[in-house]
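> Please read through the structure below; I'll follow up with questions.
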Amino acid sequence: MKFARITSPEAVDALFPLVDEDISAVARDEEIAAEVAEIDALIEEAEREWAAAERVEAFRVSRELTDLVSARRAVRRVTREVLRSRVRTGSAGKAAA
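This is the structure:
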């Protein structure tokens, strides 16, 4: 028996799309297109989440810069650092002399 012969019409109808090159190529193309569409949807969702996170962070940063209490505290911190650095360099200069 060189070639097997399918005698059932239902089996022929079920297996024909798998055997025909054109039909299987179209099916593969459709599968690839569906996968690409799913990947694109995931990328768009991630980009929307990143944009939302960026907006939240931008608001937080702008809030920090315009918050009066935080601004006063920042000025005090900087002033203290400047005063401490002057005291350190002044005392180090006296010790070296």
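For the sequence shown, this note's numbering assigns the number 37 to the initial residue and increments by one for each residue that follows.
All residues carry an ideal CB built from backbone N, CA and C; glycine is no exception.
Indicate the three-state DSSP secondary structure (helix, strand or coil) for S44 in the structure shown.
Against the sequence shown, residue 44 aligns to sequence position 8. Coil, per DSSP.
> Taking the alpha-carbon positions, what's the E74 to T115 distance?
If you number the sequence shown from 1, residue 74 lands on position 38. If you number the sequence shown from 1, residue 115 lands on position 79. Going from the Cα of E74 to the Cα of T115 covers about 55 Å.
> Give the straight-line distance between the Cα atoms of S106 and D65, rounded to the nearest whole angstrom.
The residue labelled residue 106 in the question sits at position 70 within the sequence shown. The residue labelled residue 65 in the question sits at position 29 within the sequence shown. Each residue's alpha carbon lies about 58 Å from the other.
> If you draw a straight line from the C-alpha of A69 to the C-alpha of A63, how long is it?
As a working note, residue 69 is residue 33 in the sequence shown. As a working note, residue 63 is residue 27 in the sequence shown. If I take the Cα positions, the gap works out to 10 Å.
> Using only the alpha-carbon positions, how far apart do A133 and S121 sit?
Taking the first residue of the sequence shown as 1, we reach residue 133 at position 97. Taking the first residue of the sequence shown as 1, we reach residue 121 at position 85. Model confidence at A133 stands at a pLDDT of 45, short of 50, so the residue's coordinates are unreliable; what they give is reported in the following sentence. Each residue's alpha carbon lies about 18 Å from the other.
> Specify the secondary structure class of D56 as computed by DSSP and reduced to three states.
The residue labelled residue 56 in the question sits at position 20 within the sequence shown. It is coil, neither helix nor strand.
> From V55 to V72, what does the alpha carbon distance come to, in whole angstroms?
Start at 1 with the first residue of the sequence shown, and residue 55 comes out as number 19. Start at 1 with the first residue of the sequence shown, and residue 72 comes out as number 36. When rounded, the distance between both Cα atoms is 25 Å.
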